[in-house]
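Taking it in order: structure first as structure tokens, then the write-up.
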Amino acid sequence: MRSRRPAALAVAAALVGAGLVTGIAPAQAAVPAAALLYDFDSLDTGSLAAGAQIPDAAGAHAGTLRGAGASIVEGPRGGSDRALSLPGGAATSGAAFVEIAPGLTDASTGDVTISAWVRWSGGQECSWAYSLGSSNDRYLFATPRCGGNLIGAVKSGTEQRATGNGPASSTRWSHLAVALTSGQRVTTYVDGEAVASTATTATGAATVGSSVFSGLIGKSLYPGDPFFAGAVDDVRVDRAALDAEQVRAIAAPAADAIARADAAAVDLGDTSAVTADLALPRAGTGGSSISWASSAPAVVSTDGRVTRPAPGSPDATVTLTSTTTFAGATATGAPVQVTVKADSAADLSARLSASLVVPPVVASGTSLPTVAGVDLRWSGDTVANGALVNPGSGDRTSQVTASATWGATTFSKTFTVTVLDPATAQSLVAYTRTPTNDHDANQDTVARSIHLAVGSSADTAQPLQDNYGVVFARGEHVGVDNVEQRGIGSPSPFFFADGRLGFVATRVEMSGTPDATASSGALVFRAEDDRGSQFAELGTIDLGTTDGVVSPRAVWDSGQQRYLVSWADRSGQARYTTVTDLARTEQVADPFNTENDGTRSRVVSTGNRGDVIAGSPLGVADPSWGSFAGRVANAEPGGILPVSAAIATALAERYDRVVNTAVSVAPVTVTAGAGDALDRTRADLSYSDGSTATLPVDWNADDLAAARAATQGIVMVTGTVRQKDYSVPFAANRADPTIYRYEREGRTQYLFIATDDTNNNNIASPHLPIRVSDTFDGLSDAAGGAQREVDLLNRWTRRDTTTDGRTIAGCYWAPEIHEIGGTLSILFSPCFNSGDSQANDGADWRTVQSYIMQLRDGGDPANPADWSKPAPVLQADGTALGREGYSNISLDMTYFEANGQAYYTWSQRYTSPGFGDPLTWIAKVDPADPTRIVGEAKPVISPSLSWELRLAEGSFAMERDGKIFLIYSSDGVSPRYVVGGVWADLDSDLMDIDSWHKYNTPLMKSVPMPAGVWDYLTYPQGPGHGAVTTDEDGNELYVFHTWGDGVEGNGRDTRIGRVHWAAGDRPVLDMSKDEQVLPALRTVTMTVTIVPAGGSSPSPEPTTQPSPTPGDSASEATATASATRVAPGESFTVTATGLNAGEQISAVLHSTPLPIAGIPAADDSGRVVFRVTVPAGFDQGAHTLEVARGDGRVFGRLAIEVVAPGSLAKTGVGATWVAALLGSAALLAGATALALRRRRVIVCLHG
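Residue numbers -29 to -1, 1 to 1218, in mature numbering (1 follows the signal peptide of the UniProt record, and there is no 0), belong to the letters of the sequence shown in order.
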């Protein structure tokens, strides 16, 4: 279709008299003459045969139709406008496409733009609408969807993509353009707007075609891609990189027609007697956006909200006018007269009863709702001047009543509302993130989850969990062992009726576009406890619409004892409904789901949900987002909820990093001459989440000698908490590691075994190496462990064969060492040559299978001859592990015992027909016959959450406090690898997947790298597939691998991590040395009281005078800060411990004294947590936070640096938590323990 701008303007002028006005765009930047233009207008409608010529309206590069099924159809302008329709099909279907005549561009070509109107039929992946270029190594092209998104790209050896957010429309015409600024940038435009732009070194020479064609329409240059299905028009090439204004100019003729058609199609129905909000359309079927003007916005607002005249008033008449906008073109629709009927007292009272709502928890100062034209009166203990106010001294819960009167009709509605103490109230921010990449640990499977931040306001809220997701969506089970991942969009926090925290959100594809459930419903999550330590997905709720659910919100209406759920539809219209119980669920069929007996949960709608109501609830205003979106990296705001200090603290304790806060050693009393065991006394450690641990201490030899020599009295023994350092990497190019502590005949040895991952080429691994050492450290590369490796198997030197007559050809994956039935055993997974079972090379990973080899009685673990020939682990009937009817692989087998029963777990997937997701399976095993499982194998971990990305492998078992834990790995063998966990009660049926409880969020994840930095040594990424062991002191260690590109080669590398058990028995696998024990607290003192043998009580005077040591006594009060660097307007947390239960704390912020009211009393453990906010304008520089008791004695001086706004890192508080505690702990002063009585603690900040 040629551009006919004058004709378009003439038509627009003619339409003015008909009440439809087209806006005339201002003068535009000059558009160069087209180098190629296929407008199809000279072709007759109907089928088009192969070989037909497509005229070039701009020059001499006609197109030639190839293949079958093409036709000429109506174009985007309608009427006589023509377009080319292509049928699409598989790569081998012979479907129609167009070859553009050769010679359009050459090696000297610079900037290039290719564009077209496209009406895609949908359903295809990676079909190409158009391209310029010669092969799949050099091109410029656009695809409506590949990997879920529209893409414009250029390739000259390597491809640079300008990728949109989501696919092209499959219901209307879209104008797509891809502009190449030679050697600089490629930009994708959709409907005249730039949606993505990416730097490139490719020049216009990338667009040079072959001797046969300059490019293709409807066919990819990759032979396996499908043909494009849909219609195209105005295919145009410009020898220039058009900007957005120029793209809109060439799109204008059709855009004008689309805007006019959408304006003409607006129909509000009967508007002669309006009594409810109007559904004003916000989008036309052609893609236009529609805005509205109102002659009386107070009666009918521009978003369709209707305010009826007060009872007894005359009806109101309002004129509404629509304006449609599309790709830079605008059209004004005919005015619509609306008569709004005056309200009746009964209608108004009923409407207020249904829609008026005050949330159950609000911040002090929250303005109460007002209703235009209604004298709404509010009353209650916390009501003042139209707002809810709390003067302080704790949160206040009271009844709040709204009332109004119209003649004889009276309206009244009462709410139960908690108004938070302004001194301690916090804001909980729920958000998602715009995906970036695995370098930032922010790929789509992580970004599209609920993230949380906490602070006194959104402006000061700090991200929890290192700006990583906290709540993730379950996927859709689409086949046997096949899950399609789902993400979360627009999360909004709310309180359930019982006070539990919840979220309502939109479920989205991983591309970010709403999935099918978002047409009619929302996704609901609920905290499993009062602390928010875990969130359960209750499922979706059908809200009774098919028009789309965007940005859902939920609030408990205590006045009506039901929830109000509100949203906007696809056109932007506000809607809401009532729900009796958002926590009421039912199980519905989900046949491919391995959990819940093939069902999944959803929130009940039938009998639980009311009708859809136009408009929004009449509630309080949403809190301000302030600077949050710009301050927190990649944040996409969702919702904000005022919460109590207790909830904020609980969330921070669960999702912030766990850090040491105190170290102490209990006093010891020994009899003179009986102090030999003093050196085994361990230090007691306390942590920020309330958890505890112990560690050994390296005690001063002279002090120990003095204590052992003393006959009576008190001796102070100093020491340093023992923390061993392990080299990084512990073992280079070794993945899937296991270290086993082997004890036999009074001797302890440490055995290390792993996959050889040299150059990431583990399929071609030649061997199964083992390291044996009398010390843990002796296994490391730094201690020569690599040089002492012994090959238990080697396919080159020994042609390893198995008991089932096959020759190993590679892999030797994921070996683990266990004692099974008292015999040292190795479980591992070799591969074989799929075409020759006797070949020792040509390994095919699709043949990998779990095997076992065992050490002979009395054998040497380092002697290959002492190990049995590898034998396959099979099902009870002797067949291979796997689903019946499929070809399967099995790998990553581990062994554990629970309540006297032995189990195997392993990763399993089918490889034909099709490919299944790797699930973790479990089976019982008889240790006397470890080559056969007992009974039926069952799946135990299904990778249903987005961060798992269809993979659950590498499981390893731990037992603690009546529970069994399986830690496992997910996503993929890459920098995206991640560690998750499940747990079950020991007394439950461990063969039942529903006995196992999965942690919502990973236990271990990648560390983001700074922009421009690629350093996998300093910033470990892709952690996973590890095992738990113990060192010489009995401390638990996590042995795992990380991605190793550029770290002593390119294989994955073994590292050693510390295991800490957080509050609630959650394993922490990534605790750093300084988080385990603060450096300032590593020096400890033990008070040893020596009692003479058969003598009198010891002297109260110590025989040795110690130096003051932080944390000498558990009864001393201490204070720590969550940050040592803070900007004005931001806050940090102060934690005081060692107080009396119920003790009241006060705080004063200096230099200008600012008393901080409402600090809670100490809990039963003598602990207080509160926030200090640095006021705006506070002097920058070094300050000191002094913490003192009521008598003025200072027991802590915390260094606080006030820095310029914006100079703090944007990735959350986790990084500063340790530094803060280091700084604060270093300044702790020893204090004499006070008598147990009520005390006041005064906190002062001095400049």
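Think of the CB as a built atom: it goes at the ideal place given N, C-alpha and C, for glycine as much as any other residue.
Per-residue DSSP class, three states only, for residue i
| i | result |
| --- | --- |
| residue 32 | coil |
| residue 523 | strand |
| residue 1068 | Note that residue 1068 has pLDDT 47, beneath the 50 cutoff, so the model's placement of it is unreliable and the number below is only indicative. It is coil, neither helix nor strand. |
| residue 998 | strand |
| residue 826 | strand |
| residue 571 | strand |
| residue 733 | helix |
| residue 218 | helix |
| residue 747 | coil |
| residue 674 | helix |
| residue 769 | coil |
| residue 235 | helix |
| residue 212 | coil |
| residue 681 | coil |
| residue 601 | helix |
| residue 788 | strand |
| residue 618 | helix |
| residue 539 | strand |
| residue 229 | helix |
| residue 480 | coil |
| residue 781 | strand |
| residue 707 | strand |
| residue 175 | helix |
Whole-angstrom distance between residue j and residue i, CA atom to CA atom
| i | j | result |
| --- | --- | --- |
| residue 825 | residue 651 | 36 Å |
| residue 709 | residue 567 | 33 Å |
| residue 109 | residue 133 | 16 Å |
| residue 1022 | residue 801 | 19 Å |
| residue 815 | residue 564 | 30 Å |
| residue 745 | residue 721 | 6 Å |
| residue 528 | residue 1045 | 47 Å |
| residue 1052 | residue 767 | 53 Å |
| residue 811 | residue 778 | 6 Å |
| residue 879 | residue 1049 | 42 Å |
| residue 726 | residue 759 | 16 Å |
| residue 765 | residue 772 | 10 Å |
| residue 1073 | residue 643 | No answer about residue 1073 holds up, because its pLDDT of 38 lies below 50 and its placement is not dependable. |
| residue 408 | residue 603 | 16 Å |
| residue 640 | residue 1028 | 35 Å |
Paired residues, beta bridge with residue i - DSSP
| i | result |
| --- | --- |
| residue 350 | 372 |
| residue 1012 | 995, 1025 |
| residue 688 | 1057 |
| residue 1174 | DSSP lists no partner for residue 1174. |
| residue 954 | 936, 968 |
| residue 150 | 84, 158 |
| residue 464 | 474 |
| residue 1042 | 1029 |
| residue 434 | 424 |
| residue 58 | 200 |
| residue 304 | Partner(s): none; residue 304 has no beta bridge. |
| residue 120 | 117 |
| residue 8 | 207 |
| residue 91 | 201 |
| residue 862 | 878 |
| residue 921 | Its beta-bridge partners do not exist; DSSP assigns none. |
Cβ separation of residue i and residue j, assumed to be a contact under 8 Å, to the nearest whole Å
| i | j | result |
| --- | --- | --- |
| residue 306 | residue 290 | 5 Å |
Checklist line | Runs of beta strand (DSSP E) wholly within the segment 868 to 893 (minimum 3 residues, chain order) | finding: 872 to 883
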